[in-house]
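Position 146 of the sequence shown, counting from 1, maps to 145 under numbering that gives the first Met the number 0, and the rest follow consecutively. Don't be surprised by glycine CBs; every beta carbon is placed ideally from N, CA and C. Data block below; observations after.
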Amino acid sequence: MSNQLPYEVIKNFGDFELRSYPTYLLAQVQIRGDFITAGNSAFNPLLRYITGQNSKKAQLAMTSPVLQNSVEPDHHIVSFTLPVGVTKAIAPMPTDEKVHLVEVEAHQAVAVRFSGGWNFDRFLAKAEELEDAVTEAIRGGWLKGEMVGDPYFARYNSPFTPWFMRRNEVIIAVNTQ
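Laid out in structure tokens, this is it:
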């Protein structure tokens with residue numbers, strides 16, 4: 000994956016980064032199953048969408064990260080980030096009813112990066128570590144604002160990348176107003 004969702008690091012807190020993201024577009028699939036199975040099952044409809052199974056039969060570049068968040072323990076939303084400049088107004092419409100386009104407004108978020116394998120327990124532990132570090136930074140006055148929404152998990156590499164070279168992140172939106 001050569002294309003990547005851009006962001007600007009506003010401040011590095013050591014344990015996490017505060018970032019600014021521009022508006023971007025996601026192709027999403029909601030799916031039931033355990034964390035890993037859901038990610039794998041959602042991959043094919045999303046891949047078909049970006050490789051031409053859409054209203055314009057257009058191909059879109061694979062862009063990292065692949066995002067996943069859990070609505071419930073067995074209900075997940077898996078998203079491909081679409082290339083910079085692809086807006087809802089110009090994006091080809093999905094022809095698979097499982098795939099939906101969702102625009103994410105520009106926002107700030109906190110993120111922690113880690114390497115290794117993907118599993119639900121590991122992501123949950125990293126999410127808890129991030130929430131604890133951000134809560135401490137807010138209480139200490141180093142960060143103004145509050146976390147909003149649930150954590151989402153970002154995978155930057157192909158499943159064929161050796162586990163020790165994988166880039167993973169937990170990201171939580173924040174309101175710093």
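Reduced DSSP category for residue i - H, G, I as helix; E, B as strand; rest coil
i	result
Y48	helix
R121	helix
R18	strand
N188	Not covered by the structure: residue 188. The range shown for the chain is 0 to 176.
M0	In this predicted model, M0 has a pLDDT of only 45, less than 50, meaning its place in the structure is not dependable; the value taken from the coordinates is given anyway. In the structure shown, M0 sits in coil (DSSP, three-state: anything other than H, G, I, E or B).
T36	helix
V133	helix
A126	helix
N43	helix
Backbone CA spacing between residue i and residue j [nearest angstrom]
i	j	result
T86	E102	8 Å
Q67	G148	13 Å
M0	M61	In this prediction, M0 scores a pLDDT of 45, lower than 50, which makes its location untrustworthy; the coordinate-derived value is nonetheless stated afterwards. Their backbone Cα atoms lie some 6 Å apart in a straight line.
I76	M164	25 Å
N167	E96	29 Å
Assigned exposure category for residue i - 16 Cβ within 10 Å defines buried
i	result
K125	buried
P150	buried
Q27	buried
Q. Where in the region 85 to 109 do unbroken runs of the beta strand (DSSP E), each at least 3 residues long, occur, reported from the N-terminal end onward?
A. If only complete runs of 3 or more residues are kept, the region 85 to 109 shows the beta strand (DSSP E) at 98 to 103, in order along the chain.
Q: Evaluate the contact criterion for the region 5 to 16 versus the region 91 to 110: three or more CB pairs, one atom per stretch, below 8 Å.
A: The region 5 to 16 vs the region 91 to 110: in contact.
Q) Contact between the region 80 to 92 and the region 161 to 173: three or more CB pairs below 8 Å? A) As far as the Cβ criterion goes, the region 80 to 92 does not touch the region 161 to 173, which means the pair count is below three.
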